[in-house]
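Report on the following structure.
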Amino acid sequence: MAVAQTDDSLPDGQLPLDELRTFVEVLERIRTAYVEPVDDATLLENAIRGMLEGLDPHSAYLEPEAFRGLQDSTSGQFGGLGIEVGQEDGFIKVISPIDDTPAARAGIEAGDLIIKLDEQPTKGMSLMDAVTKMRGEAGTSITLTIVRDSGRPFEVELTRAVIRVQSVRSQMLDEGYGYLRITQFQNNTADDVRNTLNELKAGELKGLVLDLRNNPGGVLQAAVGVADSFLAEGNIVYTEGRLSNSEMRFNATSHNPSGEVPVVVLINGGSASAAEIVAGALQDHGRAVVMGTDSFGKGSVQTVLPLNNDRGLKLTTAIYFTPDGRSIQAQGIVPDIRVERARVTREEEDIAAVRESDLQGHLRRSEPSAPAVAADRERPQDTDYQLNQALTLLKGLHLTRAKP
7 MAVAQTDDSL
17 PDGQLPLDEL
27 RTFVEVLERI
37 RTAYVEPVDD
47 ATLLENAIRG
57 MLEGLDPHSA
67 YLEPEAFRGL
77 QDSTSGQFGG
87 LGIEVGQEDG
97 FIKVISPIDD
107 TPAARAGIEA
117 GDLIIKLDEQ
127 PTKGMSLMDA
137 VTKMRGEAGT
147 SITLTIVRDS
157 GRPFEVELTR
167 AVIRVQSVRS
177 QMLDEGYGYL
187 RITQFQNNTA
197 DDVRNTLNEL
207 KAGELKGLVL
217 DLRNNPGGVL
227 QAAVGVADSF
237 LAEGNIVYTE
247 GRLSNSEMRF
257 NATSHNPSGE
267 VPVVVLINGG
277 SASAAEIVAG
287 ALQDHGRAVV
297 MGTDSFGKGS
307 VQTVLPLNND
317 RGLKLTTAIY
327 FTPDGRSIQA
337 QGIVPDIRVE
347 RARVTREEED
357 IAAVRESDLQ
367 GHLRRSEPSA
377 PAVAADRERP
387 QDTDYQLNQA
397 LTLLKGLHLT
407 RAKP
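Using our numbering, read the sequence shown as starting at 7 and increasing by one per residue.
Take a look at the structure:
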């Protein structure tokens, strides 16, 4: 073995002997003095787990069940509650609830701190242990103790379900104005977005809202493919890391199914990682107006490295940058137009108000009246303030472009 050194600048291949001696001594003390016997395999696995968790909130040691669960989540089906979580100050923090899951239906919000799982405190609990505890057989229940905005803790009982995530949904908000929602970036998301854009453009598409709110991210290549659907040239994202294969650059292709349709991208504090890559690329290229609130700020790339015995490492290997060279790590994407979350409420019309048509002897219109529009169907923009503002902006952009 090469001679070891103990300073902070060890040459490659040399190990710090003092720290290794300390590790072996601690291992031996636990083996001989801990109140209950612990086998060596468990101690070494705990050491590996702690080594990964001490790096950053997103690196982790994946035991077989967690490794399979991660693979399932990128394919779009897994069992559990439907929450993307991270760690903050030793507690489990909700990055984003996933649409149409038990967590979203129960009102779990991005930014919530989970301080207990059933009766077990999460303070000091590893992220993977928390994820494993929240997942389970469909139909079983678990109680989460939540702290929101430094308020009093409250409990939410959730029933686990098989989570089937439909990553892309769309509809028409108004005549000529489309809505495209991406809940999570999965392996097939980019293809689904391209197909959806082609369907929406089959009619007259005057503008599009791309909703990335509460999107916790996912597969990097899927984010690149989605951004490429709105860009005809230029850089989308690039990454920098210590390994040569962690330095990547992704550029747009000439195929742009969105054409020149005006786009508004909606983001919030639950928009993370891959969602921030898309928002940042479209913002830097001036392809879309980004609206909402600051995004989560996860600017790192994790690589899943398989190990033997069906285990794996989820290791942070690179930092990504937007086309203009911005790192959003711990800062997030700042929207072009800040619109806070709110609900739209309609005021009752003043029945005492007098109009021209109420005056005796008023002149009547010579052309037939337009047919009445049914108003009993609630549209999403009727209650979602951020979406309502995005649609209003799109209509303004369309009118501006339409003028000679």
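The beta carbon of each residue, even a glycine, is placed where N, CA and C say it ideally should be.
Just so you know, these numbers come straight off a predicted model, no measurement behind them.
Check: How about the segment 137–144 and the segment 41–60: do they share at least three Cβ pairs that are nearer than 8 Å?
Finding: The segment 137–144, when compared against the segment 41–60, does not touch it at the 8 Å Cβ threshold.
Notebook entry, point to check: Would I343 be called buried (16 or more neighbouring beta carbons within 10 Å of its own) or exposed?
Noted result: By the beta-carbon neighbour count (other beta carbons within 10 angstroms, threshold 16), I343 is exposed.
Check: Can you tell which of A280, G85 and L179 has the C-alpha that lies nearest to the C-alpha of V171?
Finding: Cα-wise, what sits closest to V171 is G85.
Next item on the list: Assign R255 to one of three DSSP states: helix, strand, or coil.
Entry: In the structure shown, R255 sits in a strand (DSSP, three-state: E or B).
Next item on the list: Please state whether DSSP places G286 in a helix, a strand or coil.
Entry: If DSSP states are grouped into helix, strand and coil, G286 belongs with the helices.
Notebook entry, point to check: Is the number of C-beta pairs between the segment 319–338 and the segment 95–105 that are closer than 8 Å three or more?
Noted result: Between the segment 319–338 and the segment 95–105, the count of C-beta pairs closer than 8 Å stays below three; the two stretches do not touch.
Note to self: Does A66 come out as helix, strand or coil in the three-state DSSP assignment?
What the structure shows: In the three-state DSSP reduction, A66 falls in the strand class (E or B).
Next item on the list: Look at the alpha carbon of L288 and the alpha carbon of L150, and state the distance between them as a whole number of angstroms.
Entry: The straight-line gap separating the alpha-carbon atoms of L288 and L150 is approximately 37 Å.
Note to self: For L237 and A396, which I take to be in contact (beta-carbon distance under 8 Å), what is that distance rounded to the nearest angstrom?
What the structure shows: The beta-carbon separation of L237 and A396, rounded to 20 Å, does not stay under the 8 Å limit for a contact.
Next item on the list: Evaluate D198 with the Cβ neighbour count: other Cβ atoms within 10 Å of its Cβ, from every protein chain shown; 16 or more gives buried, anything less gives exposed.
Entry: Buried, because 16 or more other Cβ atoms sit within 10 Å of the Cβ of D198.
Next item on the list: Note down, in chain order, each residue of its chain lying with its Cβ closer than 6 Å to the Cβ of D300, except the 5 sequence neighbours on either side.
Entry: Within the same chain, D300 has close Cβ partners G338 and V340.
Checklist line | M297 - containing alpha helix (DSSP H), residue span | finding: Counting along the chain, M297 falls outside any alpha helix (DSSP H), though it belongs to the beta strand (DSSP E) covering V295 to G298.
Item checked: Selection from G224, D217, R361 and L33 that minimises the alpha carbon distance to H2 -> Coverage of the chain is limited to positions 7 through 410, which leaves residue 2 absent and any answer about it impossible.
Notebook entry, point to check: What is the DSSP secondary structure of A278, counted as helix, strand or coil?
Noted result: Taken through DSSP and simplified to helix, strand or coil, A278 comes out as coil.
Check: When the Cα atoms are used, what is the spatial distance from P43 to R37?
Finding: Rounded to whole angstroms, P43 to R37 spans 7 Å at the Cα level.
Note to self: Quick check: the Cα distance between S279 and T389, rounded to an integer number of angstroms?
What the structure shows: Approximately 28 Å, taken between the alpha carbons.
Next item on the list: Measure from the alpha carbon of L400 to the alpha carbon of each residue in E253, V270 and I114, then state which is nearest.
Entry: When each option's Cα is compared against that of L400, the closest is V270.
Notebook entry, point to check: Using a Cβ-Cβ cut-off of 6 Å (strictly less than) and excluding sequence neighbours within five positions of R255, which residues of its own chain qualify?
Noted result: Counting only Cβ-Cβ distances below 6 Å, and skipping sequence neighbours, we find Y244.
Next item on the list: Can you tell me the Cβ-Cβ gap for Y326 and G298, rounded? I've got them flagged as a contact below 8 Å.
Entry: In fact, because the Cβ distance is near 21 Å, the residues do not count as touching under 8 Å.
Margin query: Could you tell me the alpha carbon to alpha carbon distance between G402 and I334, rounded to whole angstroms?
Written below: Their Cα atoms are separated by approximately 30 Å.
Check: Which value, in whole angstroms, describes the spacing of the CA atoms of A4 and Y185?
Finding: Residue 4 is absent from the model: the chain starts at 7 and stops at 410.
Notebook entry, point to check: Which term fits Y40, buried or exposed, when burial requires 16 or more other beta carbons within 10 angstroms of its beta carbon?
Noted result: By the 16-neighbour rule on beta-carbons within 10 angstroms, Y40 is exposed.
Notebook entry, point to check: Cα separation between A380 and E210?
Noted result: At A380 the pLDDT is 42, less than 50, meaning the model places this residue with poor confidence; the figure from the coordinates comes in the next sentence. Distance between the alpha carbons of A380 and E210: 22 Å.
Notebook entry, point to check: Can you tell me whether H261 is buried or exposed, with buried defined as 16 or more other CB within 10 angstroms of its CB?
Noted result: H261 should be labelled exposed.
Notebook entry, point to check: How would you call K129, buried or exposed, if buried means at least 16 neighbouring beta carbons within 10 angstroms?
Noted result: Exposed.
Next item on the list: Would you give the residue range spanned by the beta strand (DSSP E) that P103 belongs to?
Entry: F97 to P103 is the span of the beta strand (DSSP E), which, as asked, contains P103.
Notebook entry, point to check: How many whole angstroms separate the CB atoms of R332 and G275, which I take to be in contact at a CB cut-off of 8 Å?
Noted result: No, R332 and G275 are not in contact; Cβ-Cβ is about 18 Å, not under 8 Å.
Checklist line | Inter-residue Cα distance where the pair is G213 and V267 | finding: Each residue's Cα considered, the two are about 5 Å apart.
Margin query: With a threshold of 7 Å on Cβ separation, who are the neighbours of G303 within its own chain once the five nearest residues in sequence on each side are excluded?
Written below: I334, Q335, A336, Q337 and G338.
Note to self: A281 and V307 - do their beta-carbons sit closer together than 9 Å?
What the structure shows: No, Cβ-Cβ distance for V307 and A281 is not below 9 Å.
Note to self: Considering Cα atoms alone, identify which of D234, Q227, I188 and Q177 is closest to L206.
What the structure shows: Across the set D234, Q227, I188 and Q177, the C-alpha of Q177 shows the shortest separation from the C-alpha of L206.
Checklist line | Secondary structure of L87, DSSP reduced to three states | finding: L87 falls in the coil class under three-state DSSP.
Next item on the list: Measure the alpha-carbon distance for E69 versus Q387 and round it to whole angstroms.
Entry: Our two residues, E69 and Q387, have alpha carbons roughly 44 Å apart in a direct line.
Next item on the list: Mark N204 as exposed unless 16 or more other C-beta atoms lie within 10 angstroms of its C-beta, in which case mark it buried.
Entry: The residue in question, N204, is exposed, as its Cβ has fewer than 16 Cβ neighbours within 10 Å.
Next item on the list: Please go through the same chain and pick out, in chain order, the residues whose beta-carbon is closer than 7 Å to the beta-carbon of N251, but skip the five residues on each side of it.
Entry: If we look at N251 and ignore the five residues flanking it on each side, it has no Cβ neighbours.
Notebook entry, point to check: With respect to the alpha helix (DSSP H) encompassing D45, which residues constitute its N-terminal and C-terminal limits?
Noted result: Run containing D45: none; DSSP gives neither H nor E here.
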